[in-house]
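Colleague:
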Amino acid sequence: MSERVAWDIEAAGSPAGGAGPPPSGRAGQRARTRGSAALALALCAALAPAACGGGGSGPQQVPLGARQTIVFAVQGGISASLGSEGRATGQEIAAFEKAHRGITVQVLPLSEDVNTSYQQVTQRFLAGSSTPDLVDSDSSWPAAFARAQWITPLTHFGLDPAAFLPGAVAATTYQGQLYAAYWYYNVEGLYYRTGLVHSPPTTPQALVADAQQALRKDPSLREGLAFEGNKYEGLVTVFIDFLGAFGGKLDPANLDTPANLKALQFLHDVVYADHIAPQAVTSWTEQNVQDAFVSGQAAFATNWPYLLGLAEAKGSSVAGQTGFIPFPSQTGKGVATLASDVLTVNARSTHLAADAALVKWLLSPAQQTARAIESGDPPSVRAAYTRALFKSAPYFQVDEKVFAAAVPRLVSPNYHQISADIQAMLSSVLANSQTPAQALKATAQQVAQLAKP
Amino acid sequence: MTAPGRSHGRRWRPGEGLGYAMASPAVLTLLALTAFPILYNLWNSVHYDNLLNPAGGHPFTGLANYTKVFSSQTGLLAAVEHTVGYTAISVPVEVALGLGIALLLDRPIPGRGICRALILLPWAVPSVVSAIMWKTLLDPQTGGVDYVLGLLHLPGAHITWLNASVPTTWLAIGVIDIWQSVPFVAILLLAGLQGIPRELYEAAQVDGVSAWQSFRRITLPLLRPALLVVLVFRTLSAFLIFDIIYALTGGGPGTSTTTLAYVDWNAFLTSSDFGLGGAISVVMVIAVLAIAAGYRATIKPATA
Chain A
1 MSERVAWDIE AAGSPAGGAG PPPSGRAGQR ARTRGSAALA LALCAALAPA
51 ACGGGGSGPQ QVPLGARQTI VFAVQGGISA SLGSEGRATG QEIAAFEKAH
101 RGITVQVLPL SEDVNTSYQQ VTQRFLAGSS TPDLVDSDSS WPAAFARAQW
151 ITPLTHFGLD PAAFLPGAVA ATTYQGQLYA AYWYYNVEGL YYRTGLVHSP
201 PTTPQALVAD AQQALRKDPS LREGLAFEGN KYEGLVTVFI DFLGAFGGKL
251 DPANLDTPAN LKALQFLHDV VYADHIAPQA VTSWTEQNVQ DAFVSGQAAF
301 ATNWPYLLGL AEAKGSSVAG QTGFIPFPSQ TGKGVATLAS DVLTVNARST
351 HLAADAALVK WLLSPAQQTA RAIESGDPPS VRAAYTRALF KSAPYFQVDE
401 KVFAAAVPRL VSPNYHQISA DIQAMLSSVL ANSQTPAQAL KATAQQVAQL
451 AKP
Chain B
454 MTAPGRSHGR RWRPGEGLGY AMASPAVLTL LALTAFPILY NLWNSVHYDN
504 LLNPAGGHPF TGLANYTKVF SSQTGLLAAV EHTVGYTAIS VPVEVALGLG
554 IALLLDRPIP GRGICRALIL LPWAVPSVVS AIMWKTLLDP QTGGVDYVLG
604 LLHLPGAHIT WLNASVPTTW LAIGVIDIWQ SVPFVAILLL AGLQGIPREL
654 YEAAQVDGVS AWQSFRRITL PLLRPALLVV LVFRTLSAFL IFDIIYALTG
704 GGPGTSTTTL AYVDWNAFLT SSDFGLGGAI SVVMVIAVLA IAAGYRATIK
754 PATA
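Quick mapping for you: the protein sequence lines, in order, are chains A and B.
When we follow our numbering, the leftmost residue of the first sequence carries the number 1, and every step to the right adds one.
When we follow our numbering, the leftmost residue of the second sequence carries the number 454, and every step to the right adds one.
1. Taking only three categories from DSSP, how would you classify L110 of chain A?
2. Have a look at the DSSP bridge pairing and note the partners of S137 of chain A.
3. Quick one: which chain A residues come within Cβ less than 8 Å of S618 of chain B?
4. Using a 10 Å radius around the Cβ and a threshold of 16 neighbouring Cβ atoms, would you call T104 of chain A buried or exposed?
5. Excluding sequence positions up to five away, which residues of its chain have a Cβ less than 8 Å from the Cβ of L689 of chain B?
6. Closer than 8 Å, Cβ to any Cβ of chain A: which residues of the stretch 693–727 of chain B, in chain order?
7. Quick check for students: name the residue ranges of the alpha helix (DSSP H) that lie wholly in the stretch 695–722 of chain B, counting only runs of 4 or more.
8. Spatial neighbours of A644 of chain B within its chain, please: CB distance less than 8 Å, with the 5 preceding and 5 following residues excluded, ordered by chain position.
9. Run through DSSP, which three-state label would E374 of chain A get?
10. What are the boundary residues of the alpha helix (DSSP H) that includes L534 of chain B?
11. Check for me: the beta strand (DSSP E) holding P408 of chain A runs from which residue to which?
12. Determine contact between the stretch 412–420 of chain A and the stretch 139–155 of chain A, defined as no fewer than three beta-carbon pairs at a distance below 8 Å.
13. Kindly list, in the order they appear in chain E, the residues whose Cβ is closer than 9 Å to that of A209 of chain A.
14. Using a Cβ-Cβ cut-off of 8 Å, state whether T613 of chain B counts as contacting chain A.
15. By DSSP's criteria, T337 of chain A is part of a beta bridge. Which residues make up the other side?
16. Near P252 of chain A, what residues of its chain come up, given a Cβ to Cβ distance below 8 Å and the 5 sequence neighbours on each side ignored?
17. Just to make sure I have the definition right: I need the residues of chain A whose C-beta is within less than 7 Å of the C-beta of Q594 of chain B. Which are they?
18. Buried or exposed: I151 of chain A, going by 16 or more other Cβ atoms within 10 Å of its Cβ?
19. Quick one: is M586 of chain B buried, meaning 16 or more other Cβ sit within 10 Å of its Cβ, or exposed?
20. Is the beta carbon of S380 of chain A sitting closer than 8 Å to the one on F157 of chain A?
21. Which residues, in chain order, does the stretch 506–537 of chain B contribute to contact with chain A at a C-beta distance below 7 Å?
22. Since S457 of chain A meets chain B, which of its residues come closer than 9 Å, beta carbon to beta carbon?
23. According to DSSP, G128 of chain A sits in a beta bridge with which residue or residues?
24. Starting from the beta carbon of Q149 of chain A, find every residue of chain B whose beta carbon is closer than 7 Å, and list them in chain order.
25. Which of helix, strand or coil does DSSP assign to Y501 of chain B?
26. Residues of the stretch 93–104 of chain A in Cβ contact with chain B at a cutoff of 9 Å, in chain order, please.
27. Count the other CB atoms within 10 Å of the CB of P436 of chain A; is the residue buried (16 or more) or exposed (fewer)?
28. Check whether chain B comes within 8 Å of T122 of chain A, counting only Cβ atoms and requiring the distance to be less than that.
29. Here's the rule: buried if 16 or more other CB atoms are within 10 angstroms of the residue's CB, otherwise exposed. What is Q106 of chain A?
30. Could you tell me which chain A residues have their CB closer than 7 Å to the CB of L504 of chain B, listed as they occur along the chain?
31. Looking at A383 of chain A: is its Cβ nearer than 8 Å to the Cβ of P365 of chain A?
32. With a threshold of 8 Å between beta carbons, is S283 of chain A in contact with chain B?
33. For the stretch 133–146 of chain A, list every residue whose C-beta sits within 9 Å of some C-beta in chain B, in sequence order.
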């Protein structure tokens, strides 16, 4: 086809600039032929990308030993972001490239905001792109991506399910196949100030009482409980903690339950009845909660394990007086929502061998330990919890206890829409524009339609 | 490209075929960029098309997607109401304020040139940037708005403006949109005002006409063409408001600040539901065309 196009260009192009005699009838005829040739050329140009994008049966694979570049989409990129995750990722990649001569890893930075990065990734998948090869995904994404056949199962990657911490495999398995590997282990737990709260609360009611008492005792405190109340995914993970505190569950088929209502009422009351959280939490994300807790203005705070390292660091005003526990529950067993970053692989990737090598590298105990020390991200594989890790960062021993309480999020290809509806419900309750009972009833009807797999 | 002469019947004049050939890439590009998406979108809007669920196929669904747009159950009807309500309130306020500023700047006041340049600044800031800037300013703990209100002993010094209550959130959106759009209105109307011959006012003054009378009888009628342009532009962009909402509230609290453009984005990009997204887009296009036609019919420019 390219030859023909080249010929057409010549044929159509040569007389155009000529200042010869006025064309006769025959010349007009010729011009017409040239016209259709140019038309064909334009059509070819218009259709060519579609033809290229069509793809055949399974992409041609580049072998591991070949010189190649793989694209790794990383949330927040490798610039320093929350804690120092970006820097840790950069170091791991540099070490990988050194150990695997010929493979270059190009980082595609995604937004730090999980809602935005979801769209960035979806758009690339929708376009049928073979890159990014590897995606640093939120653990709520794989089910949707798997149903859309955008990501490939990791069955042939040689990963050992028993190597992971509890819940990590269940949370990334869709229709019986493992579609993602936990990069690190993240749970939404409860931080408290050991100086202000002598024994950690064991029920949500005790948490409220402790927070109120701390506020009375220490006038420099501004929040009894700081939490992520902005309308985004982070609020959903906090809410799953609250659900567990009352024995509730995020089940889209059956959302309007008495236990769930209690949890929603609790969310409302901490701001409007118990006054342990300011109305300002309605715009708070992890960063605001982190600032509030590390600066010593909050008695309790919900957040991820990374905060423990920052709170215990030199210069922190709460160093040496930070406790980290699962969120207390009436049921007696505390809860900590498991919601972390997982690694997924593009089903159209032409570098599956190199992708597998990078996944294995990132999950190797040595890299996991290094990452944990550098960034505070808890390893997702058991073997990385070594004496060396505890020696340089003793708080990981605290983390291990919280991990025992991990509760995976709902695995559903419709998770994103369910979460969007839940976010709207939580936001309207936090703004006091709907009563918890009204909001729960209306949302239960909406998400029930999304309950089907 | 100029045609050498008229073509007679089916016979092409010399060079005419070449003319079509030369024009065809541009025509095809335009068709590919406008006609194809519009038709494809129409097709989508009457089919099921969810890219996250390829197994669902693309069955014909009739007007099901359109019924969803006007159903209270899906929450989309609320977005329609928010969009219409917001447009109906914000546009008159913006045009009134802009007209006031334009009238002021039309007078020979000292520093008029600097004022005209300064007033354009908010309009020159991209709206996502100004929304994020205002979000920072409105933060109850670190923002400047509450701080200044507190210094001046004004009410609202301890208010969480965004996503904590529906009225304050809308107020914040309105203030930001007005802050950004009034300069545009003012500059366009100012241009219109300067096109009105001064002699008319002088003659009116000689006849002893009051200022209000000369505004009503001279300024307003002669400002009609400029007003039409301003109203069409502002109404359409208020109707299509997205960026401020996206950056400032995410549609919250709850879904109380969702607009048509916001739910359309949500349908396309969160749910990957191209059927529903297509239907919302079609509804928006029809509404926007109706608004433009309505203005054209009511305010006929004198020169038309």
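Cβ coordinates follow ideal geometry from the N, Cα and C atoms, glycine included.
Modeller: Walking through what the data contain:
1. DSSP places L110 of chain A in strand when its eight states are reduced to three.
2. According to DSSP, S137 of chain A bridges with A:V342.
3. The answer, in chain order, is A431, N432 and S433.
4. So T104 of chain A counts as exposed.
5. Non-local C-beta neighbours of L689 of chain B in its own chain, meaning closer than 8 Å and more than five positions away in sequence, comprise V741, I744 and A745, ordered along the chain.
6. Taking a C-beta cut-off of 8 Å against chain A, the contacting residues of the stretch 693–727 of chain B are T702, G703, G704, G705, P706, G707, T708, S709, N719, L722, T723, S724 and S725, listed in chain order.
7. Complete alpha helix (DSSP H) runs here, min 4: 696–701 and 713–718.
8. So the list reads A679, once near-sequence residues are dropped.
9. Helix at E374 of chain A.
10. Before going further, note that residue 534 of chain B is Glu rather than Leu in the sequence given. DSSP places E534 of chain B inside the alpha helix (DSSP H), whose first and last residues are L529 to D559.
11. That run of the beta strand (DSSP E) goes A406 to P408.
12. Short answer: they touch.
13. Note that chain E does not occur in the displayed structure, where the protein chains are A and B.
14. It does: the Cβ of T613 of chain B has a partner Cβ on chain A nearer than 8 Å.
15. Beta-bridge pairing links T337 of chain A to A:E188 and A:V407.
16. Within the same chain, and ignoring the five residues on either side of P252 of chain A in sequence, the residues whose Cβ sits closer than 8 Å to its Cβ are L410, S412, N414, I418, V447, A448, L450 and A451.
17. The contacting residues are A280.
18. Classification of I151 of chain A: buried, given that the 10 Å Cβ count is 16 or more.
19. That one is exposed.
20. Annotated as distal: S380 of chain A and F157 of chain A, with beta-carbon spacing of 8 Å or more.
21. Here the close residues are N506 and P507.
22. In the structure displayed, chain A extends from 1 to 453; residue 457 of chain A sits before or after that span and is not available.
23. Residue pairing of G128 of chain A in beta bridges, as defined by DSSP: absent, with no partner found.
24. Contact note: Q149 of chain A reaches chain B through P507, using a C-beta cutoff of 7 Å and chain order.
25. Reduced to three states, the DSSP call for Y501 of chain B is coil.
26. Listed in chain order, the positions of the stretch 93–104 of chain A with a beta carbon within less than 9 Å of a beta carbon of chain B would be empty, since no residue qualifies.
27. Under this definition P436 of chain A is a buried residue.
28. When Cβ-Cβ separations below 8 Å define contact, T122 of chain A makes contact with chain B.
29. Q106 of chain A counts as exposed, since fewer than 16 other C-beta atoms from the protein chains shown sit within 10 angstroms of its C-beta.
30. Within chain A, the residues whose beta carbon sits less than 7 Å from that of L504 of chain B are L126 and A148, listed in sequence order.
31. Inclusion of A383 of chain A and P365 of chain A in the CB contact set at 8 Å is warranted, their separation being smaller than that value.
32. Interface residue (Cβ-Cβ distance to chain B less than 8 Å): S283 of chain A is classified as such.
33. When CB distances to chain B are screened at a threshold of 9 Å, the residues of the stretch 133–146 of chain A falling below it are A144 and F145, in chain order.
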